[in-house]
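Report on one structure; see the data block that follows.
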Amino acid sequence: MKETKGTIVKVSGPLVVANGMAGSKMYDVVRVGDQKLIGEVIRLEGDLASIQVYEETGGIGPGDPVYPTFEPLSVELGPGLIQAIYDGIQRPLNIIREQVGDYITRGIDIPGLDRKKRWHFKPEKKAGDKVKLGSVIGSVPETELVTQKIMVPPGISGEIVEIKEGDFTVTEPIARIKTDDEEKEIYMMQRWPVRRARPYQAKLPVSQPLPTGQRVIDTFFPIAKGGTACVPGPFGSGKTVIQHQFAKWSDADIIIFIGCGERGNEMTDVLLEFPKLTDPKSGQPLMKRTVLIANTSNMPVAAREASVYTGITIAEYFRDMGFSVALQADSTSRWAEAMREISGRLEEMPGEEGYPAYLSARIAEFYERAGSVRTLGDSDKTGSLSVIGSISPPGGDLSDAVVQATLRVVKVFWSLEDKLAFARHFPAISWLNSYSLYTDTVKDFFAEKVAKDFFDQAKAAMLLLEKEAELEEIIRLVGKDSLSPSDRLILEVARSIREDFLHQNAFHEIDTYTSLSKQSAMLDLILYFYEKAKDTMEKGADITDIEKLAVLERIARMKYIPENELEKIKKIKGEIDSELSKLTQTEEVK
Ligand code: ADP
Numbered sequence: 077m078k079e080t081k082g083t084i085v086k087v088s089g090p091l092v093v094a095n096g097m098a099g100s101k102m103y104d105v106v107r108v109g110d111q112k113l114i115g116e117v118i119r120l121e122g123d124l125a126s127i128q129v130y131e132e133t134g135g136i137g138p139g140d141p142v143y144p145t146f147e148p149l150s151v152e153l154g155p156g157l158i159q160a161i162y163d164g165i166q167r168p169l170n171i172i173r174e175q176v177g178d179y180i181t182r183g184i185d186i187p188g189l190d191r192k193k194r195w196h197f198k199p200e201k202k203a204g205d206k207v208k209l210g211s212v213i214g215s216v217p218e219t220e221l222v223t224q225k226i227m228v229p230p231g232i233s234g235e236i237v238e239i240k241e242g243d244f245t246v247t248e249p250i251a252r253i254k255t256d257d258e259e260k261e262i263y264m265m266q267r268w269p270v271r272r273a274r275p276y277q278a279k280l281p282v283s284q285p286l287p288t289g290q291r292v293i294d295t296f297f298p299i300a301k302g303g304t305a306c307v308p309g310p311f312g313s314g315k316t317v318i319q320h321q322f323a324k325w326s327d328a329d330i331i332i333f334i335g336c337g338e339r340g341n342e343m344t345d346v347l348l349e350f351p352k353l354t355d356p357k358s359g360q361p362l363m364k365r366t367v368l369i370a371n372t373s374n375m376p377v378a379a380r381e382a383s384v385y386t387g388i389t390i391a392e393y394f395r396d397m398g399f400s401v402a403l404q405a406d407s408t409s410r411w412a413e414a415m416r417e418i419s420g421r422l423e424e425m426p427g428e429e430g431y432p433a434y435l436s437a438r439i440a441e442f443y444e445r446a447g448s449v450r451t452l453g454d455s456d457k458t459g460s461l462s463v464i465g466s467i468s469p470p471g472g473d474l475s476d477a478v479v480q481a482t483l484r485v486v487k488v489f490w491s492l493e494d495k496l497a498f499a500r501h502f503p504a505i506s507w508l509n510s511y512s513l514y515t516d517t518v519k520d521f522f523a524e525k526v527a528k529d530f531f532d533q534a535k536a537a538m539l540l541l542e543k544e545a546e547l548e549e550i551i552r553l554v555g556k557d558s559l560s561p562s563d564r565l566i567l568e569v570a571r572s573i574r575e576d577f578l579h580q581n582a583f584h585e586i587d588t589y590t591s592l593s594k595q596s597a598m599l600d601l602i603l604y605f606y607e608k609a610k611d612t613m614e615k616g617a618d619i620t621d622i623e624k625l626a627v628l629e630r631i632a633r634m635k636y637i638p639e640n641e642l643e644k645i646k647k648i649k650g651e652i653d654s655e656l657s658k659l660t661q662t663e664e665v666k
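In the working numbering, the protein residues as written are 77 to 666.
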């Protein structure tokens with residue numbers, strides 16, 4: 077009989093080396109020690125396996141057994157994912173907490189999907205229909221906000237022999253499919269190895285924006301559906317608020333939030349706060365379309381390493397159903413540090429800053445799993461997975477290896493800066509240091525669906541902000557008096573763009589979200605003011621009078637105009653005209 081047990085020869089923190097492991101493959105799951113701790117093979121040399129263990133290895137030592145499972149680290153996919161709070165290897169933290177309290181008992185074996193709960197399966201195919209991997213055969217209303225599609229699992233294609241309707245657990249058969257050589261039972265649950273991207277028919281070019289309702293993002297640094305972005309988060313810069321705003325307002329059906337424990341209790345905060353958020357569109361708890369993956373800082377580093385893969389695999393699964401999925405990973409720096417620690421224990425040759433040489437490759441592979449795709453199964457089904465990673469370099473240093481590796485692959489950088497937060501400019505995203513490589517990609521969408529000149533207006537506004545930065549430099553050197561009236565007008569308009577447009581109060585009922593049409597109307601109004609004021613100055617009006625116009629206050633308050641009263645923003649143009657014309661009239665009278 078085949079030897080089914082290895083023996084530990086060395087333990088180094090979360091890393092265990094065992095011999096007698098011939099037959100195991102890379103990334104196979106093993107159970108370590110008598111407590112059967114969960115581990116994964118991350119290096120194989122002959123029958124010697126290096127294993128990263130996802131639980132505390134205290135008390136485990138040489139001579140203890142290791143049991144191979146001959147299966148890769150996989151997640152369970154099916155009804156029950158939504159609203160779940162998982163750890164890095166998909167153990168349901170909320171259920172574990174109910175059963176054993178806050179500290180996870182080692183070796184605990186609770187499956188990712190509840191085995192007892194029954195879900196109502198409604199077929200969307202019938203006996204005789206031909207199906208293949210990815211075909212939707214039915215659906216399950218999972219929460220008020222999400223109806224899961226049940227898809228044919230990998231390795232199966234053929235003709236449906238039987239399909240049932242009714243209440244089933246995830247492991248009871250709901251259909252039978254006749255393949256070339258046999259009949260296979262289909263369940264609502266399927267498994268997928270986390271380190272392998274789920275397949276699709278074709279990657280589609282990204283073309284649509286993923287509006288977030290946050291003006292600085294949508295207008296100036298948009299992310300596309302299926303796109304990638306990264307955001308650094310110095311302490312107190314408003315990262316949590318941005319993340320919540322994004323989860324609540326971005327045009328995504330499903331939110332996957334991966335939290336890798338940062339400082340002390342931070343992850344616990346996420347666990348406490350996220351479940352309190354409300355989905356603004358439905359008024360339901362946001363959790364009803366969210367999957368949370370959390371690593372508190374007392375969990376072993378290896379689990380952190382796995383959590384990003386667990387999260388993105390679950391995200392791909394929802395993408396395959398045809399959803400727009402947004403995945404937020406916070407913070408990928410902690411993930412990279414976990415990689416560094418494991419690599420150090422493997423005694424690999426370190427690369428930059430002690431990170432493994434494959435750091436960039438791993439980061440790139442992760443973000444490459446984002447995208448807009450034509451899914452498998454049904455030819456017209458498309459889905460998208462947008463990925464937003466936060467980074468937290470030590471000391472906020474952007475030359476950090478993780479930041480650099482990330483910036484090489486992501487297309488958007490929202491530069492969240494603590495000095496802006498300190499000046500109470502929220503969201504504290506720098507308009508000068510951020511960028512989006514999607515502005516050209518989404519240009520046509522904006523022109524067709526929002527306003528023909530939206531893109532050009534955003535560009536014009538950005539030019540004014542850049543000019544303001546230059547002028548401020550001049551003021552620092554030679555003082556404000558040296559500025560020409562037209563420069564002073566630029567300063568006034570740039571101030572308005574910053575305060576009236578970029579500033580956005582996440583806690584104000586109306587200001588918290590701005591549609592693209594409202595963003596366009598707001599920007600249009602500010603630029604209209606600029607053009608008209610310029611004309612009026614050419615006719616002799618004084619900049620000092622322009623700076624004092626009452627209509628400026630009306631412009632400042634346009635952000636509080638409700639979405640269904642946008643014509644009120646346009647009407648302010650009339651007030652601009654009449655107030656400015658008075659300035660030249662008095663000129664003439666004089
Ligand atoms: P971090 O997570 O970076 O430590 P938070 O997201 O908790 O910071 O933000 C810190 C504080 O900044 C918040 O409590 C809030 O008062 C303020 N803040 C951040 N973003 C906004 C915003 N968009 N609108 C209004 N206030 C904000």
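We put the beta carbon where it would ideally sit given N, CA and C, even for glycine.
These figures come from a predicted structure and were not determined experimentally.
Reduced DSSP category for residue i - H, G, I as helix; E, B as strand; rest coil
i, result
"V246", "coil"
"E664", "With a pLDDT of only 49 at E664, under the threshold of 50, the placement of this residue in the model should not be trusted; the figure read from the coordinates follows. Helix, per DSSP."
"F394", "helix"
"L348", "helix"
"E241", "coil"
"Q595", "helix"
"N95", "strand"
"H584", "coil"
"F333", "strand"
"T80", "coil"
"F489", "strand"
"H579", "coil"
"A440", "helix"
"D476", "coil"
Residue i CB to nearest heavy atom of the ligand ADP below 8 Å
i, result
"V307", "no"
"I334", "no"
"K495", "no"
"I573", "no"
"P356", "no"
"S512", "no"
"A531", "Looking at the sequence itself, residue 531 is Phe, so the reference to Ala does not match. Result no, Cβ not under 8 Å from the ligand ADP."
"P310", "yes"
"S409", "no"
"A504", "yes"
"F583", "yes"
"A324", "A small fix is needed here, since residue 324 is Lys in this sequence, not Ala. No, the ligand ADP has no heavy atom inside 8 Å of this Cβ."
"T316", "yes"
"Q580", "yes"
Residue i burial status per 10 Å Cβ neighbour count (16 or more: buried)
i, result
"P503", "buried"
"N509", "exposed"
"F577", "buried"
"N545", "Residue 545 is actually Ala in this sequence, not Asn. Flag for A545 reads exposed."
"I566", "buried"
"L113", "buried"
"L539", "exposed"
"V627", "buried"
"N640", "exposed"
"E655", "buried"
"P376", "buried"
"L723", "Given that the chain is displayed from residue 77 to residue 666, the structure contains no residue 723 and the question cannot be resolved."
"H584", "exposed"
"E493", "buried"
"N371", "buried"
"S358", "exposed"
Bridge partners - residue i, DSSP secondary structure assignment
i, result
"R552", "Answer is none; R552 lacks a bridge partner."
"F197", "G242"
"W325", "Looking at the DSSP assignment, W325 forms no beta bridge with any residue, so it has no partner."
"G459", "V449"
"R119", "S126"
Three or more C-beta pairs under 8 Å: does that hold for the segment 323-338 against the segment 398-413?
Segments in contact, yes.
For the segment 322-330 against the segment 358-367, are there 3 or more C-beta pairs whose distance is under 8 Å?
Output reads yes: the segment 358-367 touches the segment 322-330.
Is it true that the segment 455-470 meets the segment 306-314, where meeting means three or more beta-carbon pairs spaced less than 8 Å apart?
The segment 455-470 vs the segment 306-314: in contact.
Using 8 Å as the Cβ pair cut-off and three pairs as the minimum, do the segment 104-118 and the segment 346-355 touch?
No: fewer than three Cβ pairs fall under 8 Å.
Meets three-Cβ-pair contact criterion under 8 Å: the segment 246-253 and the segment 225-238
Using a Cβ-Cβ distance cut-off of 8 Å, the segment 246-253 and the segment 225-238 are in contact, since at least three pairs of beta carbons, one from each stretch, lie closer than that value.
Does the segment 152-169 come close enough to the segment 132-139 to have 3 or more Cβ pairs within less than 8 Å?
In short, these stretches do not touch, since the Cβ pair count stays below three.
Between the segment 440-453 and the segment 277-284, can you find at least three pairs of beta-carbon atoms closer than 8 Å?
With a cut-off of 8 Å, the segment 440-453 and the segment 277-284 count as touching, because enough Cβ pairs lie within range.
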